[in-house]
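Heads up: the sequence shown begins at 2 in our numbering, then just goes up one per residue. We put the CB at the ideal spot given by N, CA and C, even for glycine. Presented below is the structure to which this report refers.
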Amino acid sequence: MRLPLIRMGSGLAALALLASAPPAVATEPLPPSTADAMAQAASPQAMAEYRRKLREYQEARAAFEEEAGAYWASISEKRKGRNAKRRERQAITLNDYMLTQPPVYTGPKRPISPEPEEERPPRERKRLPVVADFLKAAAEHFQFTPQRPTAEVEFKRAYARYALAAGLTREQTVRVYSFETGGNGNYDMQSGLNPSKPGSRAISTAIGYNQLLTTNSVELLAEQGHEIIKELTARAATLSGAPRKAMDHKLAVLKRMVAFARTVPDTWSEHEKLANTPQGWAVHAMVLDVDVGPMLQTHKLLTSVHFARAKGYNRPLTAAELEMMNLTGDGTGLDMVTMPQAMREQVPTSNFFQRGGYERNPVAIRHNTVAKLLAVTDERMDFNSGKPGAKELATAF
2 MRLPLIRMGS
12 GLAALALLAS
22 APPAVATEPL
32 PPSTADAMAQ
42 AASPQAMAEY
52 RRKLREYQEA
62 RAAFEEEAGA
72 YWASISEKRK
82 GRNAKRRERQ
92 AITLNDYMLT
102 QPPVYTGPKR
112 PISPEPEEER
122 PPRERKRLPV
132 VADFLKAAAE
142 HFQFTPQRPT
152 AEVEFKRAYA
162 RYALAAGLTR
172 EQTVRVYSFE
182 TGGNGNYDMQ
192 SGLNPSKPGS
202 RAISTAIGYN
212 QLLTTNSVEL
222 LAEQGHEIIK
232 ELTARAATLS
242 GAPRKAMDHK
252 LAVLKRMVAF
262 ARTVPDTWSE
272 HEKLANTPQG
282 WAVHAMVLDV
292 DVGPMLQTHK
302 LLTSVHFARA
312 KGYNRPLTAA
322 ELEMMNLTGD
332 GTGLDMVTMP
342 QAMREQVPTS
352 NFFQRGGYER
362 NPVAIRHNTV
372 AKLLAVTDER
382 MDFNSGKPGA
392 KELATAF
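Have a look at this one:
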C-alpha cells in the first residue's frame, strides 16, 4: 500500500526541482520512468524511520512467536498425555490440561514501507464444488439423479421419522439443525451460499441440516452403507410399478457408491482423498435424495452417540454436547462432554484446537472456556429454534 501523504510530498519536491532548472531543461518533459521514480522515491529520513520501526516489530514478533510456540507445544503434549491416560483407563484431571489462555500479540504493528511495493496479482481462490457440480458428477459417473422432495417439509418428515426410529430425540435433532443452519436452512443448503444474498460464495462443501462435507458422505457410505442398503431393500419390497423400478435403480447406484467408498482404508484422510474426486462429489449428491439424505443426516449424529456409548458414556447427550462432537470430531468432542462442570469452568477451549484453527475461530476465542463455549452454543440453539424452519422440523416429529 502506498501512502497518499508520501506521494504528495514527492510530487512537491519534483515541482521544486523543475522550477530551479534552466529554461531549456524545464520545458522538456522527463521520461515517464524517471518521473515515476522521482514521484515515488522515499526520503532517507523516512526510510531510516521505517527500518527502525521494522526492527522493533520484528523483535516483538519474534518474542511473541517463541512464547506462543511453547504454549501450543504444551497443548499438544497435554493432548497426547490425555490420550495415553484414556487408553490405560486412567482418570483425567485438571493437570492434564493447559489452564492458561493462549498468549496474545500486543506489540507494534508491522510498519508500512514508504517505498512503493511491487503490485502482485490477487491470489486466486480455489473454487469449491457446489450443488450443481455434485448433481453433474452423479449423472456422469453413476447415471443417477437424486430424487428431490416436492416440498421442504417432505424431507423434514422423512428425516424426523428416521431419526426417531434410530434413537435420536426431537430436541437433539431440532436444536442441532437450528445451530447448523441458523434455524431456516433447507435440505440442500450449502455452507456460505445464501439465496437472499446475491454474490455469496460457498465456504465449504457442507450441505443440509447437519452440514455434511463431501468427506462425511464418503465415510458414512463406507461405514453405514450396507445398513442403508438393507433398509431401502426392505422398503423396495413394499413397492410396485414405477416406484419399485426407481428404487431398484437407486439401490443399484447406492451399491456401486458403497463399493467405491470402501476401496480405501477406513480413515478420514483416505476418505478425504476420494471425496475430492468427481466420483466423491457424486457420492455427496446422495445427501439431496429424499430417501438416502435423511439417513445420512441421521447417521452423522448417530455415530457420535454410538461413539460416546462405546467409550462408556451412557448419559443422554444434550443437543449442545452432541453439536460439540459434530463440530470438533467425536474424540475431541467427547473430551469436552465427559468433563465435570467444575472443570468445564476452568479449562480453556484452546486445549481442543490446533493453533491455526483456534486463531481463525473467533467464537472459541471469545468464549474461551468449555463452559462458555457450550453455553453460547445453547444460547444460539435457543434463539434459532424459534425460527420458521426449526418450528417446521419440530412439528414433523
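Residues sharing a beta bridge with residue i, DSSP
i	result
T370	P349
Q191	I208
L213	I208
Local conformation of residue i per DSSP, three classes
i	result
L129	coil
A238	coil
N84	helix
P123	coil
I230	helix
Q148	coil
P23	Reliability of the predicted coordinates at P23 is poor, the pLDDT of 34 falling under 50, and no value is obtained from them.
G70	helix
P363	helix
S201	coil
Y1	For the chain, the structure presents residues 2 to 398; residue 1 sits outside this window and is missing.
Q46	helix
E89	coil
P244	helix
T35	Low per-residue confidence applies at T35: pLDDT is 40, beneath 50, and the placement is therefore not dependable, though the value from the model is reported in the following sentence. Correct three-state label for T35: helix.
T101	coil
E60	helix
Y51	helix
I76	helix
V219	helix
Whole-angstrom C-beta distance between residue j and residue i, which should lie under 8 Å
i	j	result
V219	V132	At roughly 17 Å, the Cβ-Cβ gap does not stay under 8 Å, so V219 and V132 are not in contact.
A376	N385	In fact, because the Cβ distance is near 15 Å, the residues do not count as touching under 8 Å.
L394	A161	7 Å
T215	A276	4 Å
S205	S192	4 Å
P295	F156	7 Å
Y314	L335	7 Å
N-terminal and C-terminal residue of the alpha helix (DSSP H) that residue i is part of
i	result
E360	356-360
E172	171-182
T401	With the chain covering only 2 through 398, there is no way to say anything about residue 401.
G294	293-311
V338	331-338
V154	153-167
S270	269-276
P279	279-285
Heavy atom of the ligand GDP within 7 Å of residue i beta-carbon
i	result
H227	The ligand GDP is not part of this structure, which contains no ligands at all.
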